[in-house]
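Heads up: the sequence shown begins at 1 in the UniProt record's numbering, then just goes up one per residue.
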Amino acid sequence: MSTILVAQSNNNILTSQQKMLEEQGYTVELLRELGQLNGFSGKSINGIVLDQAIASVPTCDSISQFRQRFKAPVIVSLDSDDEDVHSLFLELGADEVISKDAKPRLWRARLDAVLRRQAANSQFDDEPEQLTFGQLHIDKNTRRVSYGQERIDLTTHEFELLWLLASNGGKVVKRDFVYEQILGKYYRPDTRTIDVRISRLRKKLHDNPSRPEKIKTIWRQGYLFVTDVWN
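Below, the structure written as structure tokens:
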């Protein structure tokens, strides 16, 4: 049974989310403010649901802070269905976003998909554990990425996206395949979710988004990880 940490500043919403998640079969831990984080040291957390207000705290990178502390994927519970807001929190590092008013079935589907992606990272023993291209080093076990002397901090989705492309280096990876592997659901040609994540990954890897040389978009096909430009 997966344990979900719900960080929510509104007590009424906190109670309703706890009830909904428990009815969906999850064990739930509750956190009302960032100051309570130290009280969760040593606890095993499989996934994190962050309230939009907590995820937006300007004085700290709360999404990264939660992920690094618990080594678990972060879902931001949003007050709005606005696509720009969704894109913003994905760019800020969330692994998934969902409206706080979404139906329980969608909550369960999103959480299960994120947890499956997290668990899948250790299921393929025949894959290499490390990849190196010039000064770029990717370690699957530790989920660490370094480029030269710089450590690159990636979200769960970003690491999985980089690993998928890099392990197929020099080959075009179809866009629909990337979508289904990373998001765990059928491809929707009308969504830009993968484009947003590719763009964010390029920025972190110092690849010019307007003229990318490291991760290229191949028109009407997919994405190409270039293997010989990481010096």
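Virtual Cβ for every residue (Gly too), placed ideally from N, Cα, C.
Paired residues, beta bridge with residue i - DSSP
{"i": "residue 49", "result": "6 and 75"}
{"i": "residue 139", "result": "130 and 144"}
{"i": "residue 173", "result": "223"}
{"i": "residue 96", "result": "75"}
{"i": "residue 31", "result": "7"}
{"i": "residue 150", "result": "147"}
Buried or exposed (CB count within 10 angstroms, at least 16 for buried), residue i
{"i": "residue 218", "result": "exposed"}
{"i": "residue 191", "result": "exposed"}
{"i": "residue 15", "result": "exposed"}
{"i": "residue 186", "result": "exposed"}
{"i": "residue 119", "result": "exposed"}
{"i": "residue 160", "result": "buried"}
Residue of the options minimising C-alpha distance to residue i
{"i": "residue 231", "options": "146, 161, 197 and 155", "result": "146"}
{"i": "residue 82", "options": "66, 68 and 52", "result": "52"}
{"i": "residue 27", "options": "37, 40 and 5", "result": "5"}
{"i": "residue 31", "options": "19, 115, 23 and 54", "result": "54"}
{"i": "residue 164", "options": "35, 222, 178 and 69", "result": "178"}
Contact check, residue i vs residue j, beta carbons under 9 Å
{"i": "residue 3", "j": "residue 47", "result": "yes"}
{"i": "residue 57", "j": "residue 75", "result": "no"}
{"i": "residue 13", "j": "residue 71", "result": "no"}
{"i": "residue 157", "j": "residue 195", "result": "no"}
{"i": "residue 104", "j": "residue 23", "result": "yes"}
{"i": "residue 205", "j": "residue 214", "result": "yes"}
{"i": "residue 166", "j": "residue 136", "result": "yes"}
Does the segment 170-190 come close enough to the segment 132-150 to have 3 or more Cβ pairs within less than 8 Å? no
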